[in-house]
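Participant: Once you've had a glance at the structure underneath, I'll fire off some questions.
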Amino acid sequence: MNLGDRLVILRKKRTWTQDDVAKKIGIARTTYAMYEQGRREPDANSLSKLAELFDVSIDYLITGTERSTQYVYEKIPADEREFLDWVKNNLEGTFFYDFSKSPEEQKREMMRGLRLIYEMEKGRKKE
Numbered sequence: 006m007n008l009g010d011r012l013v014i015l016r017k018k019r020t021w022t023q024d025d026v027a028k029k030i031g032i033a034r035t036t037y038a039m040y041e042q043g044r045r046e047p048d049a050n051s052l053s054k055l056a057e058l059f060d061v062s063i064d065y066l067i068t069g070t071e072r073s074t075q076y077v078y079e080k081i082p083a084d085e086r087e088f089l090d091w092v093k094n095n096l097e098g099t100f101f102y103d104f105s106k107s108p109e110e111q112k113r114e115m116m117r118g119l120r121l122i123y124e125m126e127k128g129r130k131k132e
């Protein structure tokens, strides 16, 4: 299975047309159609938009598999790993952080959590 095949599957899962996807990421339908047909490769910006739109990682779009979180974890400096271990032990499974999710999903979850904390603090200051 190649990138084009994965795009077709992801698009059809959502019952979108090629035109729907093209409009959502800001390209021509014919350009998107060529991605699905394997006649053209998306540039980095379009690939990023597609990953976000379909809520998958760029790794998944390109290779069909998610990069393991262990691989990513091993590349993090020791002092940052210590902090992440604390987060995992104290917050995993909460709204704030979930190591089973892709980096894009983690970022969205963290932003939601930070917004919630911000709103709670605003409410506390009013009291």
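Counting in our numbering, the sequence shown runs from 6 upward without gaps. Where a beta carbon is used, it is the ideal one built from N, C-alpha and C, also for glycine.
Just the C-alpha distance for residue 26 and residue 116, rounded to the nearest angstrom, thanks.
Facilitator: Whole-angstrom Cα-Cα distance: 25 Å.
Participant: When burial is assigned at 16 or more other CB atoms within 10 Å of the CB, is residue 44 buried or exposed?
Facilitator: It counts as exposed.
Participant: So what's residue 33 in DSSP terms, helix, strand or just coil?
Facilitator: The answer is coil: DSSP assigns residue 33 none of H, G, I, E or B.
Participant: Exposed or buried, what is residue 82 when buried is set at 16 or more other beta-carbons lying within 10 Å of its beta-carbon?
Facilitator: When all chains shown are included, residue 82 counts as exposed.
Participant: Just curious, the alpha helix (DSSP H) that residue 20 is in, first and last residue?
Facilitator: No alpha helix (DSSP H) contains residue 20, which DSSP labels as neither H nor E.
Participant: Alpha carbon to alpha carbon, what distance is there between residue 31 and residue 15?
Facilitator: When rounded, the distance between both Cα atoms is 18 Å.
Participant: Terminal residues of the continuous alpha helix (DSSP H) containing residue 57?
Facilitator: Start and end: 49-59.
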